[in-house]
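This report concerns only the one structure given below.
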Amino acid sequence: MPQKPPVVLITGASRGIGRSIALHAAESGYSVALNYANNTQAAEEAARLCEQKKQSPEQKFIPIRGNIGDPADCENLFEETIHRFGRIDSLVNNAGIAPRVRRDMTETTIESFNEVLSVNLTASFFLTQKAVNYWLREKASADDAARNIIFISSISAQSASVNRPEYCISKAGLSMAAKLWAIRCAEHGIRVYELRPGIMATDMTSGVKEKYDALLANGLVPQKRWGTPDDVGLAVEAILKGYFPFTTGDAISIDGGLHIHTF
Ligand SMILES: NC(=O)c1ccc[n+]([C@@H]2O[C@H](COP(=O)([O-])OP(=O)(O)OC[C@H]3O[C@@H](n4cnc5c(N)ncnc54)[C@H](OP(=O)(O)O)[C@@H]3O)[C@@H](O)[C@H]2O)c1
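Each step along the sequence shown adds one to the number in our numbering, with nothing skipped, and position 258 is 246.
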């Protein structure tokens, strides 16, 4: 661990999985830039909770508002992070949205397709590009932490749902983005990981809770429970602490075995 706290930028850190990732990063000695879209109250609360987890007085937790679906906001988010913290060591591309309306793919609208792709895929690709270019410009010093890029994709990167194709396509795209960045960055000591959550209890799934409660009761998930934000936070903590040093470009499923095909 470097003498100064390393810095991680987490998109969508105000609620759900992103908030848990922020808390685990705080507990691991990181300063955190907590990006969010609109919910300032939730973002400030997440930053306060991070304060309670911090390991050193130098750690800082700063909410930064910005719609990552807007390239100008993305640029500002990255610049603001460097300006407020003086550096960035890791990036977690977590923010993601579901389609506003689930429609059969014969009726998917171009508006919904573009909206989901712009937040879930385009923003993650170009934020990663900014981070990598920054690291390639700034030569690593002895005080630097390991450099990690983490993409939060989904079981939907591999499992097809014909009533939300834009979501599945965005997550499958993230999976390839992780492989591409892993190959491009390996020689520079930058490691890249894809984490694939399954069915997780967050605001995103609150509207379909009863449906999944029933599916879980019928054995859909081998481990027979909802995933929690903490399940993902723990995996990110392991990566930030350097426990996967010889792994890059891989997808790690966090889904209680949901992805395993059975006969
Ligand atoms: N929940 C699941 O079952 C599940 C399963 C697999 C994968 N995932 C993935 O895990 C990630 C997190 O999901 P979640 O369930 O924690 O979601 P969530 O509870 O809906 O929280 C979404 C977070 O992303 C932020 N956000 C949304 N749109 C944004 C935008 N345009 N710009 C910046 N921030 C934005 C929100 O900020 P505000 O608070 O300001 O709105 C919030 O912090 C997503 O990529 C999702 O696809 C989730």
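In this text, a Cβ means the ideal position worked out from N, Cα and C, and glycines have one as well.
Check your understanding: alpha helix (DSSP H) containing residue 105: first to last residue?
Key -> As a position in the sequence shown, residue 105 is number 117, starting the count at 1. Start and end: 98 to 105.
Check your understanding: First and last residue of the beta strand (DSSP E) that includes residue 138?
Key -> Along the sequence shown, read from residue 1 onward, the residue named residue 138 stands at position 150. 135 to 140 is the span of the beta strand (DSSP E), which, as asked, contains residue 138.
Review point. Straight-line CA distance for residue 200 to residue 155?
Key: Your numbering for residue 200 matches position 212 in the sequence shown. Your numbering for residue 155 matches position 167 in the sequence shown. Answer to the nearest angstrom: the Cα atoms are 18 Å apart.
**Study point:** Proximity winner among 64, 38 and 232, relative to residue 179 (alpha-carbon distances)
**Key:** By 1-based counting over the sequence shown, the position of residue 179 is 191. Comparing Cα positions, the closest option is 232.
Review point. Are residue 0 and residue 24 closer than 9 Å when you measure CB to CB?
Key: On the sequence shown, position 12 is the one that residue 0 refers to. On the sequence shown, position 36 is the one that residue 24 refers to. Yes, Cβ-Cβ distance for residue 0 and residue 24 is below 9 Å.
Practice item. Could you tell me which residues DSSP puts in a beta bridge with residue 78? Key: Taking the sequence shown and counting its residues from 1, one reaches residue 78 at position 90. In the DSSP output, where bridge partners are listed per residue, residue 78 has -4 and 136.
Practice item. Determine the closest residue to residue 161 out of 150, 174, 172 and 140, with distance taken between C-alpha atoms. Key: On the sequence shown, position 173 is the one that residue 161 refers to. Of the listed residues, the one whose Cα sits closest to residue 161 is 140.
Review point. Straight-line CA distance for residue 227 to residue 220?
Key: If you number the sequence shown from 1, residue 227 lands on position 239. If you number the sequence shown from 1, residue 220 lands on position 232. Rounded to whole angstroms, residue 227 to residue 220 spans 11 Å at the Cα level.
Exercise for review: Flag residue 18 as yes when its Cβ comes closer than 8 Å to any non-hydrogen atom of ligand 1, and as no otherwise.
Suggested key: Here residue 18 refers to the residue found at position 30 of the sequence shown. Because no heavy atom of ligand 1 lies under 8 Å away, the Cβ of residue 18 does not count as near it: no.
Check your understanding: How long is the line joining the alpha carbons of residue 69 and residue -3, rounded to whole angstroms?
Key -> Taking the sequence shown and counting its residues from 1, one reaches residue 69 at position 81. Taking the sequence shown and counting its residues from 1, one reaches residue -3 at position 9. Spanning the two alpha carbons is a distance of roughly 7 Å.
Check your understanding: Cβ-heavy atom distance between residue 7 and ligand 1 below 8 Å?
Key -> Start at 1 with the first residue of the sequence shown, and residue 7 comes out as number 19. Yes - ligand 1 has a heavy atom lying nearer than 8 Å to the Cβ of residue 7.
Review point. By Cβ distance, which residues of its chain are closer than 8 Å to residue 81, with the 5 residues on each side in sequence left out?
Key: If you number the sequence shown from 1, residue 81 lands on position 93. So the qualifying residues of the chain are -1, 111, 112, 115, 116, 137, 138, 139, 140 and 162.
Review point. Is residue 192 closer than 9 Å to residue 4 when the C-beta atoms are compared?
Key: Locating residue 4 in the sequence shown gives position 16, where the first residue counts as 1. Locating residue 192 in the sequence shown gives position 204, where the first residue counts as 1. Between residue 4 and residue 192, the C-beta spacing is below 9 Å.
**Study point:** Cα-Cα separation, residue 166 to residue 182
**Key:** Stepping through the sequence shown from its first residue, residue 166 is reached at position 178. Stepping through the sequence shown from its first residue, residue 182 is reached at position 194. Going by the C-alpha atoms only, they are around 6 Å apart.
Check your understanding: In the DSSP assignment, what are the bridge partners of residue 316?
Key -> In the structure as shown, the chain starts at -11 and stops at 251, and residue 316 therefore has no counterpart that could be examined.
Exercise for review: Starting from residue 8, trace the beta strand (DSSP E) both ways and give me its first and last residue.
Suggested key: Against the sequence shown, residue 8 aligns to sequence position 20. Note, residue 8: premise wrong, no beta strand (DSSP E); alpha helix (DSSP H) at 4 to 15.
Exercise for review: State the DSSP-derived secondary structure class of residue 280, mapped to helix, strand or coil.
Suggested key: Residue 280 cannot be examined here, being either before or after the span of the chain that is shown, -11 to 251.
Review point. Is residue 45 near residue 101, with beta carbons less than 9 Å apart?
Key: Along the sequence shown, one-based indexing puts residue 45 at 57. Along the sequence shown, one-based indexing puts residue 101 at 113. Cβ distance not < 9 Å, so residue 45 and residue 101 don't count as in contact.
Review point. Looking only at its own chain, which residues have a Cβ that is under 7 Å from the Cβ of residue 119, when we skip the five neighbours before and after it?
Key: Working through the sequence shown from its first residue, we reach residue 119 at position 131. 76, 79 and 137.
Practice item. Confirm the yes/no value for this check: CB of residue 171, any heavy atom of ligand 1, distance under 8 Å. Key: If you number the sequence shown from 1, residue 171 lands on position 183. No, since every heavy atom of ligand 1 falls outside the 8 Å radius drawn around the Cβ of residue 171.
Exercise for review: Could you check what DSSP says for residue 45 in three-state terms: helix, strand or coil?
Suggested key: For the purposes of this step, residue 45 is identified with residue 57 of the sequence shown, where counting begins at 1. It is coil, neither helix nor strand.
Review point. From which residue to which residue does the alpha helix (DSSP H) around residue 222 run?
Key: Taking the sequence shown and counting its residues from 1, one reaches residue 222 at position 234. Residue 222 -> alpha helix (DSSP H) spans 217 to 228.
Review point. For residue 237, is the classification buried or exposed, using 16 other Cβ atoms within 10 angstroms of its Cβ as the cut-off for buried?
Key: Translated into positions along the sequence shown, residue 237 becomes position 249. So residue 237 counts as buried.
Exercise for review: Excluding the 5 residues preceding and the 5 following residue -6 in the sequence, name in chain order all residues of the same chain whose CB lies nearer than 6 Å to its CB.
Suggested key: To locate residue -6, count along the sequence shown from 1; it is residue 6. By the criterion of a C-beta distance shorter than 6 Å, residue -6 is surrounded in its chain by 18, 77 and 133, once the five residues flanking it on both sides are discounted.
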